[in-house]
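S.K.: Once you've had a glance at the structure underneath, I'll fire off some questions.
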Amino acid sequence: MKQVIQNIFLIIAVFVSFSLSAQKLQFKENTEGITLTEDNLTRFHYQTTTKSLNGNYPRANYVHPLYGLDGEVLTEDFPEDHFHHRGIFWTWHQLYVDGKRIADPWFCEGISWKVNSTEQSIHGNKATIQSTVLWLADSLQNEPVLEEMVNITFERLKEDAYSITFEITMTALVDELAFGGSEDAKGYGGFSPRIKLPEDVTFHSEGKTVTPQNLPIKAGPWMNLKGTFDGKKPANITIMGEPDKLPSYQGWILRSANSMQNMAFPGNEPTALPKSKPVHFSNMILVHRQCSTEEIDEYYRQFRQD
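The sequence shown maps to residues 881 to 1186 in the numbering used here.
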């Protein structure tokens, strides 16, 4: 059965590639960052310059807004319940150098992000941003303590589905660097989409309904959110990751209102990041009208192979 599904996907991929190739992808740079359009419709914006709320919660290096299938904005920036949340972001509460706490990147405190360089490329129905990002520590005279290599790839999969993939590699630039999640039992931190959640949102993983809990939940490697994100038509957002590759993976932090979703790692205990051992993690967000569990499984398999 699995082979049949894979063969069907191959046939569909060949068939739709012709129609998708006619869709025009284009990057546009402005003073805030880089925006991707598809047939002149905005798909997402990557924030490269520092943005703040009246000087508070300064942040950069995240995606917002991300747009849905019907032009609706799917993400939130500076939400009133958590001003520090920002679109699709990845960071942690704890950051140490030589055993000393130097910043709380989750709260945008004691750290700044400098997007040093960016490159854009478009090939067919794929568009990629590559960037190099430095983490600068306030308490160390803005010394760079960590370097990120960021790849963000948009791919039009079919008429009513697209994906946006994030590949992050973090390399320590100083000795004795360590990072960790929240210091409570939740231990949240890492890849965190702040989705604008509708009242009718439901969660599913590998064909099973999942109920959000306060603490991390053990579930499959992808989580599907279903709801009327535009207030009119049902749609789905599937968050994918590679939990088996994450250091001290904790599980899913899920919220049905007023918060982000998170594949939590490394938990509330700081993890060392030696200069010689970068941390790499990948996540994909699949935005679709109504893919079946089998289709999502196949997209997940393709995500793992890329």
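Glycine included, every Cβ here is placed at the ideal spot set by N, Cα and C.
Everything numeric in this text was worked out from a predicted model, so none of it was measured.
Provide the residue(s) that pair with Ile1032 in DSSP beta bridges, ordered along the chain.
M.R.: Paired residue(s): Ile1009, Phe1046.
S.K.: From the DSSP output, in three-state form, read off Phe1059 for me.
M.R.: Strand, per DSSP.
S.K.: Would you list the residues sitting across from Thr1151 in a DSSP beta bridge?
M.R.: Thr1151 is bridged to Phe1059.
S.K.: In three-state DSSP terms, what is Ser1136?
M.R.: It is coil, neither helix nor strand.
S.K.: In terms of alpha-carbon separation, which member of Asp984, Lys1076, Ile1032, Asp1124 lies closest to Gly1060?
M.R.: It is Asp984 whose Cα lies nearest to the Cα of Gly1060.
S.K.: Per DSSP, what are the beta-bridge partners of Ala1065 in this structure?
M.R.: Answer is none; Ala1065 lacks a bridge partner.
S.K.: Measure the Cβ-Cβ separation of Ala1052 and Leu1126 and say whether it is below 9 Å.
M.R.: Not in contact: Ala1052 and Leu1126 (Cβ atoms no closer than 9 Å).
S.K.: For Phe1145, count the other beta carbons within 10 Å of its own beta carbon; 16 or more makes it buried, fewer makes it exposed. Which is it?
M.R.: With 16 or more other Cβ atoms within 10 Å, it is buried.
S.K.: What do you get for Asn1005, buried or exposed, if any count of 16 or more other CB atoms within 10 angstroms of its CB means buried?
M.R.: Looking at its Cβ environment, which holds 16 or more other Cβ atoms inside 10 Å, Asn1005 is buried.
S.K.: Counting only the same chain and skipping the five closest in sequence on each side, list residues whose C-beta sits under 8 Å from that of Glu912.
M.R.: Here the set comprises His925, Gln927, Thr928, Thr929, Lys931.
S.K.: Would DSSP call Lys1189 helix, strand or coil?
M.R.: Because the chain in this structure spans residues 881 to 1186, residue 1189 falls outside the shown range and cannot be described.
S.K.: Could you spell out where the alpha helix (DSSP H) holding Phe1183 opens and where it closes?
M.R.: Counting along the chain, the alpha helix (DSSP H) containing Phe1183 begins and ends at 1173-1185.
S.K.: Below 9 Å between beta carbons: does that hold for Thr1045 and Asn1022?
M.R.: No.
S.K.: DSSP on Ser1128, reduced to helix/strand/coil?
M.R.: The answer is coil: DSSP assigns Ser1128 none of H, G, I, E or B.
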